[in-house]
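Residue numbers (our numbering), protein chains in the order written: chain Y, 1 to 305; chain B, 306 to 719.
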């Protein structure tokens, strides 16, 4: 790379590192809910992307209301909570009406949730229209801040990173430091035994599933800061999310975090040095190779089924 | 002074158009009896003494519904207007609408249904090149007639298709010439979504920049359809410091691209960008504030200041709601039924062969884009405009070319 000054190269280096980190936070936020549902419960939720879209639509709707009543600068924090709430509620109902009847039939869940995703897409289309919509972002989320003359760090990227950290911490505390988490882990490790010692495994399943959906909703809210929302928005990310979860090792949340980090950095760096599509191709090739050598993913599950 | 003259001219010409339209209404109020069905329909089309069937074939569901809805609306508006004027050869147009569902084999199947079972006299339809390529063999085999509205990559010409959007050279060359001259641009960074239309367009753009303008392409980049992460690409652009970013990013990626540019501190004050993939429809999703000051090269903008367009926009909003916006392709879709009507009347017949033979040379002076004419190669003579986006989602037209001859197989650009 000749013709560039050292300081220019350094600032590009810094911004490039940041772009990898912000990709990481998006991937992680999307994959986290899926990792809980898929990893902890063994349910392949093909409608996960649509729960993300629910969160995104909630945020867009709230932004419209907020603009009307003139509190456009503060609504976003509230919108994140609301997105979680709405997606959680819908997830809870879906578990109640559909998923709980299919726990013994993993392949049928795959088909059923895929059907559900199509139904939800069409519902979005009928309700919100086929056109993509955008949330009006509050002023403080736009633009960039400049630590030095040549470095621009996008504020929305920083915000999404912070949000991801908070959500990860929340999930960690919930799963590993709370009584609920204890019951969830017990159910994961040995369902029959957990039931025998008096854990209401059905209730645990329901809340776990709804929680995963709720986190997808938060991902949707965060997503409105970088792109627009359409009926099929969710389906574009389901593949990436599954990739992160499977690559990380299905039952390990730590694996999910590390795999999101690895994939994001690899993709970001490769895209800088080669064509953007080629960067993706090479990343996928590497993942396929590693999965061939380690079919259980980076972190093997220590689960007795 | 110049502007004043143009306004005056457009007033005079709009009066002329009014007169021609009124005249054509009178001609049209001919009775169907003057054109007996046996004479105007010798190929067993679905034409009766009072009606003629036309197919509309777009995606009303699926990914592409976002874009194709506008086309459906424009075609229905044109047909309603034609019917209100008395129809074609005294026959009212009846629409049979089929849904291509954003799925290319479905498009082919529905086209076959429209042509074989319904025997429609013409199809207004398709949007993506993929859907057109799927429908093309069917339309050619069954000898149907398709009016295709989207600006596209060119390299195609069929007896059975009239292309009402621009082919690549019409959209690209004049726009690049303008920006090079206006901004003194020497270096260009090309970026597009990864499929045939952006790739073909960028190939033409690169040849033109390097061979004709003697400029330099400092980067050429394609992002996967639906990709929303532009961090690395934006850093590359920052490093290369091009005079102009030339962009053809589509769909959901488009929104992410502009939002992230803005978040990264790149805006029209520091960077010139010319896109060929942003119309008023896309702006709805991207948000005018993210686009303000950037340029689009299109043949049509909703803000075009002429009487035809004002009447068209008013009618469109009356039919489809005051919040509707009209983009380039929507306008091109609106041309389809009118061009077909003119050709049928010139031929005095609905038979496809006769309508096709009558088509070259057909002019449409009431077009919202002012004036178009069908070329022998079935594309339209049209102008290119460059619009500068405002924060309210409309564009100020800052450049208008002369009429450009369509050239779907450009020599030296392939």
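Note that the Cβ used here is the ideal one computed from N, Cα and C, for glycine as well.
Spatial distance of residue i from residue j (CA atoms)
{"i": "residue 17(Y)", "j": "residue 615(B)", "result": "50 Å"}
{"i": "residue 369(B)", "j": "residue 428(B)", "result": "18 Å"}
{"i": "residue 323(Y)", "j": "residue 704(B)", "result": "Past the boundaries of the shown model lies residue 323(Y); chain Y is included only from 1 to 305, so the question cannot be answered."}
{"i": "residue 396(B)", "j": "residue 384(B)", "result": "12 Å"}
{"i": "residue 366(B)", "j": "residue 220(Y)", "result": "22 Å"}
{"i": "residue 256(Y)", "j": "residue 240(Y)", "result": "12 Å"}
{"i": "residue 444(B)", "j": "residue 423(B)", "result": "14 Å"}
{"i": "residue 134(Y)", "j": "residue 68(Y)", "result": "15 Å"}
{"i": "residue 589(B)", "j": "residue 287(Y)", "result": "37 Å"}
{"i": "residue 7(Y)", "j": "residue 571(B)", "result": "19 Å"}
{"i": "residue 20(Y)", "j": "residue 505(B)", "result": "31 Å"}
{"i": "residue 708(B)", "j": "residue 452(B)", "result": "21 Å"}
{"i": "residue 281(Y)", "j": "residue 247(Y)", "result": "16 Å"}
{"i": "residue 625(B)", "j": "residue 480(B)", "result": "32 Å"}
{"i": "residue 620(B)", "j": "residue 65(Y)", "result": "30 Å"}
{"i": "residue 450(B)", "j": "residue 668(B)", "result": "18 Å"}
{"i": "residue 353(B)", "j": "residue 394(B)", "result": "11 Å"}
{"i": "residue 306(B)", "j": "residue 700(B)", "result": "Note on residue 306(B): pLDDT 37, under 50, position unreliable in the model; no value is reported."}
{"i": "residue 678(B)", "j": "residue 567(B)", "result": "40 Å"}
{"i": "residue 364(B)", "j": "residue 407(B)", "result": "5 Å"}
{"i": "residue 34(Y)", "j": "residue 277(Y)", "result": "25 Å"}
{"i": "residue 537(B)", "j": "residue 436(B)", "result": "32 Å"}
{"i": "residue 517(B)", "j": "residue 508(B)", "result": "13 Å"}
Minimum Cβ-Cβ distance from residue i to chain D less than 7 Å
{"i": "residue 447(B)", "result": "Of the chains in the structure shown, none is chain D; the protein chains are Y and B."}
Where residue i sits in the DSSP three-state scheme
{"i": "residue 292(Y)", "result": "helix"}
{"i": "residue 363(B)", "result": "strand"}
{"i": "residue 337(B)", "result": "helix"}
{"i": "residue 104(Y)", "result": "coil"}
{"i": "residue 676(B)", "result": "coil"}
{"i": "residue 482(B)", "result": "helix"}
{"i": "residue 360(Y)", "result": "What is shown of chain Y runs 1 to 305, which leaves residue 360(Y) out entirely."}
{"i": "residue 109(Y)", "result": "helix"}
{"i": "residue 712(B)", "result": "coil"}
{"i": "residue 294(B)", "result": "Nothing about residue 294(B) can be reported from this structure: the residues present for chain B run from 306 to 719 only."}
{"i": "residue 132(Y)", "result": "coil"}
{"i": "residue 464(B)", "result": "coil"}
{"i": "residue 550(B)", "result": "strand"}
{"i": "residue 500(B)", "result": "coil"}
{"i": "residue 430(B)", "result": "strand"}
{"i": "residue 718(B)", "result": "coil"}
{"i": "residue 347(B)", "result": "coil"}
{"i": "residue 705(B)", "result": "strand"}
{"i": "residue 232(Y)", "result": "coil"}
{"i": "residue 472(B)", "result": "strand"}
{"i": "residue 450(B)", "result": "coil"}
{"i": "residue 137(Y)", "result": "coil"}
{"i": "residue 492(B)", "result": "strand"}
heavy atom of the ligand MG below 6 Å from residue i C-beta
{"i": "residue 606(B)", "result": "Because no ligand of any kind appears in the structure shown, any question about the ligand MG cannot be addressed here."}
Quick one, which residues of the stretch 670 to 699 of chain B are near chain Y if we go by CB-CB under 8 Å, in chain order? Going along the stretch 670 to 699 of chain B in chain order, one finds no residue with a Cβ nearer than 8 Å to chain Y.
Would you call the stretch 650 to 658 of chain B in contact with the stretch 560 to 572 of chain B, where contact means no fewer than 3 C-beta pairs closer than 8 Å? Under the three-pair Cβ rule at 8 Å, the stretch 650 to 658 of chain B does not count as touching the stretch 560 to 572 of chain B.
Measuring CB atoms only, is the stretch 202 to 212 of chain Y touching the stretch 106 to 119 of chain Y, in the sense that at least three cross pairs come out at less than 8 Å? Touching, no.
Can you give me, in chain order, the residues of the stretch 499 to 523 of chain B that have a beta carbon less than 9 Å from any beta carbon in chain Y? When CB distances to chain Y are screened at a threshold of 9 Å, the residues of the stretch 499 to 523 of chain B falling below it are 499, in chain order.
Determine which residues of the stretch 105 to 126 of chain Y have a Cβ less than 8 Å from any Cβ of chain B, and write them out in chain order. Correct list: 122 and 125.
Segments of 3+ residues assigned as beta strand (DSSP E) that fall wholly inside the stretch 558 to 608 of chain B: Runs found: 577 to 580 and 600 to 603.
Any 3 or more C-beta pairs closer than 8 Å across the stretch 47 to 60 of chain Y and the stretch 212 to 232 of chain Y: Touching, per the Cβ criterion.
Chain B contacts made by the stretch 136 to 149 of chain Y, where a contact means CB separation under 8 Å: Answer set for the stretch 136 to 149 of chain Y: 136, 142, 143, 144 and 146.
Can you check the stretch 4 to 78 of chain Y for any beta strand (DSSP E) of at least 3 residues that lies completely inside it and give the ranges in chain order? You should have found no qualifying run.
By the 7 Å beta-carbon criterion, what residues does the stretch 225 to 248 of chain Y contribute toward chain B? The residues in question are 226, 227, 228, 230, 232, 233 and 236.
Could you say if the stretch 158 to 171 of chain Y and the stretch 6 to 25 of chain Y meet the contact criterion of at least three C-beta pairs nearer than 8 Å? Remark: three or more beta-carbon pairs, one from each stretch, lie closer than 8 Å, so the stretch 158 to 171 of chain Y and the stretch 6 to 25 of chain Y are flagged as touching.
Give, in chain order, every unbroken run of the beta strand (DSSP E) that is at least 3 residues long and sits entirely within the stretch 352 to 408 of chain B. Whole beta strand (DSSP E) segments, 3+ residues: 356 to 363 and 397 to 404.
Whole alpha helix (DSSP H) elements within the stretch 144 to 200 of chain Y, 4-residue minimum: Qualifying alpha helix (DSSP H) stretches, in chain order: 155 to 177, 179 to 189 and 191 to 196.
For the stretch 689 to 706 of chain B against the stretch 479 to 491 of chain B, are there 3 or more C-beta pairs whose distance is under 8 Å? Touching, per the Cβ criterion.
Per the contact definition of three or more C-beta pairs closer than 8 Å, is the stretch 125 to 145 of chain Y in contact with the stretch 37 to 55 of chain Y? Judged by Cβ distances under 8 Å, the stretch 37 to 55 of chain Y makes no contact with the stretch 125 to 145 of chain Y, as fewer than three pairs qualify.
Residues in the stretch 79 to 105 of chain Y having any Cβ partner in chain B nearer than 7 Å: Only those residues of the stretch 79 to 105 of chain Y whose C-beta falls short of 7 Å from the nearest C-beta of chain B would be listed, and there are none.
Would you list, in chain order, the members of the stretch 14 to 41 of chain Y that have their beta-carbon closer than 7 Å to a beta-carbon of chain B? So the close ones are 15, 16, 19, 22 and 23.
Check each residue of the stretch 526 to 547 of chain B: if its Cβ is closer than 8 Å to any Cβ of chain Y, include it; give the result in chain order. Correct list: 526, 527, 528, 529, 531, 532, 533, 534, 536, 537, 538, 539, 540, 541, 543 and 544.
Segments of 4+ residues assigned as alpha helix (DSSP H) that fall wholly inside the stretch 617 to 702 of chain B: Fully enclosed alpha helix (DSSP H) runs of 4 or longer: 633 to 652 and 657 to 663.
Every unbroken alpha helix (DSSP H) within the stretch 516 to 545 of chain B, with a cutoff of 4 residues, ordered by chain: Fully enclosed alpha helix (DSSP H) runs of 4 or longer: 536 to 545.
Would you check if the stretch 254 to 269 of chain Y and the stretch 85 to 101 of chain Y touch, i.e. whether three or more CB-CB distances between them fall below 8 Å? These segments do not touch.
Members of the stretch 375 to 401 of chain B that neighbour chain Y once the beta carbon cut-off is set at 8 Å: Cβ contacts with chain Y: none found.
Flag this pair as touching only if the stretch 355 to 362 of chain B and the stretch 412 to 422 of chain B have three or more C-beta atom pairs under 8 Å; answer yes or no. Judged by Cβ distances under 8 Å, the stretch 355 to 362 of chain B makes contact with the stretch 412 to 422 of chain B, as three or more pairs qualify.
If you measure beta-carbon to beta-carbon, which residues of the stretch 168 to 196 of chain Y are closer than 8 Å to chain B? Result list empty, no residue passes.
How about the stretch 74 to 81 of chain Y and the stretch 169 to 189 of chain Y: do they share at least three Cβ pairs that are nearer than 8 Å? In short, these stretches do not touch, since the Cβ pair count stays below three.
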